[in-house]
Amino acid sequence: MAAVHEHHLPNGMTLLCFPQEHLHSVHLGLYLKGGTLYENRQNQGIGHLLEHLCFRGLGELSHDALQSTLSRMGGELSGATYTEAIVFDLSVLPRFFEQATELFLRFFADVPWTQEQIDAEKQVVLRQIEEADCDFEEQIDRRYRRTAAGAFPRMGTVESIMEMTPATIRRWQRAVFQPQNACLCLTGNITDEMEAAAVRAFTPLENHTDEPPFVQAVPKGFCMRDTASDLVLEETGSHAKVHIAFDLDDERVFPLLSEVLDAITGGSDDSLLFQMIREQEALVAEIDSSLEEMGLFRRLVIRYDVRQEHLVESLRKVFALLKRLRMYIRPVRLELARLAFTDNNDMMLDSPAGMSDLMGWAWLADDLSRADLDAQAAMYDDLTTEDLLDAAQSVFRPENLCVTIQRDPALTPKNLKPLLHELRDMLT
Numbered sequence: 192m193a194a195v196h197e198h199h200l201p202n203g204m205t206l207l208c209f210p211q212e213h214l215h216s217v218h219l220g221l222y223l224k225g226g227t228l229y230e231n232r233q234n235q236g237i238g239h240l241l242e243h244l245c246f247r248g249l250g251e252l253s254h255d256a257l258q259s260t261l262s263r264m265g266g267e268l269s270g271a272t273y274t275e276a277i278v279f280d281l282s283v284l285p286r287f288f289e290q291a292t293e294l295f296l297r298f299f300a301d302v303p304w305t306q307e308q309i310d311a312e313k314q315v316v317l318r319q320i321e322e323a324d325c326d327f328e329e330q331i332d333r334r335y336r337r338t339a340a341g342a343f344p345r346m347g348t349v350e351s352i353m354e355m356t357p358a359t360i361r362r363w364q365r366a367v368f369q370p371q372n373a374c375l376c377l378t379g380n381i382t383d384e385m386e387a388a389a390v391r392a393f394t395p396l397e398n399h400t401d402e403p404p405f406v407q408a409v410p411k412g413f414c415m416r417d418t419a420s421d422l423v424l425e426e427t428g429s430h431a432k433v434h435i436a437f438d439l440d441d442e443r444v445f446p447l448l449s450e451v452l453d454a455i456t457g458g459s460d461d462s463l464l465f466q467m468i469r470e471q472e473a474l475v476a477e478i479d480s481s482l483e484e485m486g487l488f489r490r491l492v493i494r495y496d497v498r499q500e501h502l503v504e505s506l507r508k509v510f511a512l513l514k515r516l517r518m519y520i521r522p523v524r525l526e527l528a529r530l531a532f533t534d535n536n537d538m539m540l541d542s543p544a545g546m547s548d549l550m551g552w553a554w555l556a557d558d559l560s561r562a563d564l565d566a567q568a569a570m571y572d573d574l575t576t577e578d579l580l581d582a583a584q585s586v587f588r589p590e591n592l593c594v595t596i597q598r599d600p601a602l603t604p605k606n607l608k609p610l611l612h613e614l615r616d617m618l619t
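Take 192 as the starting number for the sequence shown in the numbering used here and just add one per residue.
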């Protein structure tokens, strides 16, 4: 298995390469620090607007010229804005690698967008904002990632977008699109010559600031949760929604161990919660867990919908199972997790986009070991149930816990605070 090739350029840019020579395409993924985590009330949504403007014009390439260039390569450029990053992806055949590299260099061209381009793209974003709903998950997301500056919607507000001036947009453009703020991931059918060509192409780029512009702030209360962190929302309907989040402190729990805990807890149809709460108890239609990242910070999240009348019973069942995981983990659970990892590993080796994503987010987390599949495979072989028990006792603690519930107060207990205290006490 090929290892990730790391290139740290003199201008501060990181280039990560993962050859997958058995595949037929080349994938370029550009990861830039930015997004709502670094914004404030006045400029909220500017990262999302910057991402949109790249499709309006890239360097000196107009929208039509950009689309024509992509059509000639047979590729489709995609972009997305996250809480802590702006990401662009493109897959092409290997013979178009040079043209794709030239296109990605244009992200760093110090060419401002015109007033016409800005006004046109503002209208697109404003329509998106007007059509968006602040749903259950969005409310939780904002609450979890709140820092001293606040927590803001990813697209901003109508007012913040309308008030953004070309000068503000220009400042953020120069802050975001500079090499020290970027990581380029190359995956797929890439050769040593392609890697060397990419290093040569991106090394001459210059920064616009002396220091890296974005340093991630710690979310308020991270790994210091208490009952005040819990949230109960009221909404009529036949089903209640449950979101149980445990902050993951990497100093206590190595990321690989948290991945195994996720698989055992609710990450698949073989998981403990799925088998017990869905298959045996039949309390819910679906239940799952997942690991969510916010740059340097991670959490394990359990989600499910449940009929209002089963809300209390389901919560007690879930926390009873989590309590059990703190005391005993069957060896067969660890073996199932190993098999799942092997399958996922094989899938990643055949997915240029998936491998690019893994490397990009590892860079954002400042932990490139998360993208080392060989090292992870060796660690999986060495894992013991005792290691997992130590991890479960570190993760499933009330100090890490934040519970959010959306329920119908007419069909559930009017005051859920005693229940939330009871659930927390189960994990002490």
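Every residue gets a Cβ at the ideal spot worked out from N, C-alpha and C, and that includes glycine.
It should be emphasised that the depicted structure is a prediction, and the values quoted were computed from it without experimental measurement.
Supposed close pair residue i, residue j - CB separation, criterion 8 Å
i, j, result
"I169", "I493", "In the structure displayed, the chain extends from 192 to 619; residue 169 sits before or after that span and is not available."
"L555", "L491", "With a Cβ gap of about 18 Å, L555 and L491 do not count as contacting."
"L268", "V316", "With a Cβ gap of about 18 Å, L268 and V316 do not count as contacting."
"G238", "T272", "5 Å"
"L618", "F510", "7 Å"
"T338", "P410", "6 Å"
"F209", "M550", "6 Å"
"R615", "L592", "6 Å"
"H218", "S449", "The Cβ separation is near 27 Å, so there is no contact."
"Q584", "R515", "Not confirmed; about 12 Å, so no contact."
"S480", "T456", "5 Å"
"A323", "E251", "The pair is not a contact, with the Cβ atoms about 33 Å apart (cut-off 8 Å)."
DSSP-derived helix/strand/coil call for residue i
i, result
"D301", "coil"
"L491", "strand"
"F587", "coil"
"E402", "coil"
"M192", "In this predicted model, M192 has a pLDDT of only 43, less than 50, meaning its place in the structure is not dependable; the value taken from the coordinates is given anyway. Of the three classes helix, strand and coil, the one that applies to M192 here is coil, per DSSP."
"I520", "coil"
"A425", "Note on identity: in this sequence residue 425 is Glu, with Ala being the wrong assignment. It is a strand residue."
"L206", "strand"
"A373", "strand"
"D496", "strand"
"I478", "strand"
"D541", "coil"
"V349", "helix"
"K514", "helix"
"H213", "coil"
"E613", "helix"
"S459", "coil"
"E197", "strand"
"L252", "strand"
"L464", "helix"
"L602", "coil"
"K608", "helix"
Member of the options whose CA lies at the smallest distance from the CA of residue i
i, options, result
"Y335", "M518, R416 and L464", "R416"
"I468", "V283, D440, L506 and L607", "L506"
"D581", "L527, D537, I520 and E526", "I520"
"N536", "G551, R561, P410 and Q314", "R561"
"R345", "S481, H399 and L228", "L228"
"Q314", "D558, H243, G458 and F298", "H243"
"M539", "L200, H399, L249 and H213", "H213"
"E230", "S351, A431 and A358", "S351"
"A408", "D440, A387, M485 and D558", "M485"
"D438", "L463, I478, L487 and A454", "L487"
"L296", "D461, A389 and L602", "A389"
"E293", "L249, G270, P303 and Q471", "L249"
"D310", "A340, S282, P357 and C374", "P357"
"C376", "L482, C414 and H196", "H196"
Residues bridged to residue i [DSSP beta-bridge criterion]
i, result
"H501", "None, per the DSSP bridge assignment."
"M485", "F488"
"S269", "D280"
"V433", "Y495 and I596"
"V315", "According to DSSP, which records beta bridges pairwise, V315 is partnered with nothing at all."
"L244", "According to DSSP, which records beta bridges pairwise, L244 is partnered with nothing at all."
"D438", "R490"
- Is the number of C-beta pairs between the region 217-226 and the region 278-288 that are closer than 8 Å three or more? yes
- Counting Cβ pairs, one atom from each stretch, are 3 or more of them under 8 Å apart for the region 598-611 and the region 497-504? yes
- At least three beta-carbon pairs within less than 8 Å, the region 571-590 to the region 422-436: no
- Does the region 373-388 touch the region 287-304, meaning 3 or more C-beta pairs lie closer than 8 Å? yes
- Task: Could you tell me whether the region 387-404 touches the region 196-216, where touching means 3 or more Cβ pairs closer than 8 Å?
- Result: yes
- Message: Below 8 Å, how does it come out for the region 253-269 and the region 369-377: are there three or more Cβ pairs, yes or no?
- Response: no
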